[in-house]
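Take a look at the structure set out below.
2 protein chains.
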Amino acid sequence: MSAETPPLSASQLDDIASLFKMLGEPMRLKILQAVCNHPRSVTEIVELANSTQANVSKHLSLLTNSGILKRERDGQRIFYSIKAPLVLKVCDLVRANWLN
Amino acid sequence: MSAETPPLSASQLDDIASLFKMLGEPMRLKILQAVCNHPRSVTEIVELANSTQANVSKHLSLLTNSGILKRERDGQRIFYSIKAPLVLKVCDLVRANWLN
DNA sequence: TAATTATATAACCATATAACGATATACTCA
DNA sequence: TGAGTATATCGTTATATGGTTATATAATTA
Numbered sequence: 203m204s205a206e207t208p209p210l211s212a213s214q215l216d217d218i219a220s221l222f223k224m225l226g227e228p229m230r231l232k233i234l235q236a237v238c239n240h241p242r243s244v245t246e247i248v249e250l251a252n253s254t255q256a257n258v259s260k261h262l263s264l265l266t267n268s269g270i271l272k273r274e275r276d277g278q279r280i281f282y283s284i285k286a287p288l289v290l291k292v293c294d295l296v297r298a299n300w301l302n
Numbered sequence: 203m204s205a206e207t208p209p210l211s212a213s214q215l216d217d218i219a220s221l222f223k224m225l226g227e228p229m230r231l232k233i234l235q236a237v238c239n240h241p242r243s244v245t246e247i248v249e250l251a252n253s254t255q256a257n258v259s260k261h262l263s264l265l266t267n268s269g270i271l272k273r274e275r276d277g278q279r280i281f282y283s284i285k286a287p288l289v290l291k292v293c294d295l296v297r298a299n300w301l302n
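If you're matching them up, the sequences are chains F and B in order. Here the numbering used here is used: the first residue of the first sequence is 203, the next is one more, and so on. Here the numbering used here is used: the first residue of the second sequence is 203, the next is one more, and so on.
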């Protein structure tokens with residue numbers, strides 16, 4: 203995208219836009235913040251994100267299907283954690299350069 | 203967002219999500235790619251992004267109002283360019299770590 | 001001033017999706 | 001097997017927004 207890099211194809215732009223779209227919802231960022239340090243169960247995430255179980259579950263599905271999170275079952279509970287550390291780097295970069 | 207950084211407030215998460223939302227549309231990424239090297243007029247951007255004048259104009263307004271682009275008039279034409287180089291860094295980071 | 005070029009805006013439609021409530025599925029343990 | 005716990009999914013509603021068409025505004029030039 204910068205001057206040095208070759209232009210991106212339409213499908214590459216679609217892929218990148220899809221990732222940004224995933225990161226473009228405050229509730230999903232809350233969820234990422236809840237799991238950024240170590241795996242968390244859905245119940246924990248619901249409490250940390252201050253939302254409802256159904257809503258969190260839907261966002262967790264989206265984040266997992268897009269390759270950002272991974273799921274792992276332990277007994278009756280399912281733990282979610284970061285699969286793509288890139289998203290944390292991106293968030294930190296924005297945090298350091300965008301917020302006033 | 204990472205383990206070392208303090209947690210973000212709700213309003214900070216909203217601000218970050220808003221930026222990601224701006225970057226979460228392929229047409230807007232096309233526009234960013236069109237102006238990433240030097241200022242471009244709306245007509246140029248319309249051609250480079252392969253879209254319509256009205257549609258590009260609307261996206262340009264959004265990108266400008268959110269602080270990503272800046273506008274500058276020269277005669278009858280208006281040139282848009284990058285105001286926040288952060289967005290290019292973010293795109294390059296994603297490009298290098300997310301695309302297959 | 002009138003015509004032309006360049007850009008922005010308004011109205012509209014279609015689609016996507018976030019949130020919610022209710023229900024279903026899956027696992028554990030008595 | 002039945003009860004309880006944990007998570008996922010379904011159906012609905014409300015809202016946001018991308019794209020289009022038509023029109024408006026602004027600058028240039030004849």
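Virtual Cβ for every residue (Gly too), placed ideally from N, Cα, C.
Item, Value
"Which term fits Gly277/B, buried or exposed, when burial requires 16 or more other beta carbons within 10 angstroms of its beta carbon?", "exposed"
"Run through chain B and tell me which residues come within less than 8 Å of Ala205/F, C-beta to C-beta.", "Cys238 and Asn239"
"Take Val237/B as the anchor and find which of Leu210/B, Ile270/B and Ala256/B has the nearest alpha-carbon.", "Ile270/B"
"With DSSP as the reference, please indicate the residues paired to Glu206/F in a beta bridge.", "Partner(s): none; Glu206/F has no beta bridge."
"Looking only at C-alpha atoms, which of His261/F, Leu295/F, Lys285/F and Leu210/F sits nearest to Ile233/F?", "His261/F"
"Does the beta-carbon of Arg279/F have 16 or more other beta-carbons within 10 angstroms, so that it is buried, or is it exposed?", "exposed"
"Measure from the alpha carbon of Met229/F to the alpha carbon of each residue in Ile247/F, Ser243/F, Pro241/F and Asp216/F, then state which is nearest.", "Ile247/F"
"Glu227/F touches chain B at which residues, Cβ-Cβ below 9 Å?", "Ala219, Phe222 and Lys223"
"With the cut-off set at 8 Å, would you say Ser220/F and Ser268/F are in Cβ contact?", "yes"
"Answer with yes or no whether the minimum CB distance from Val296/B to chain F is below 8 Å.", "yes"
"I need the boundaries of the beta strand (DSSP E) containing Leu301/B, first residue and last residue.", "From DSSP, Leu301/B is part of no beta strand (DSSP E); its letter is neither H nor E."
"The alpha helix (DSSP H) that contains Glu274/B, what's its start and end?", "It is not in any alpha helix (DSSP H) - Glu274/B instead sits in the beta strand (DSSP E) that spans Leu271 to Asp276."
"Who are Arg242/F's beta bridge partners in DSSP?", "Tyr282/F"
"Since Lys272/F contacts Lys291/F with CB under 8 Å, what's their CB separation in whole angstroms?", "Contact flag wrong, Cβ pair sits at about 17 Å."
"Using a 10 Å radius around the Cβ and a threshold of 16 neighbouring Cβ atoms, would you call Gln255/F buried or exposed?", "exposed"
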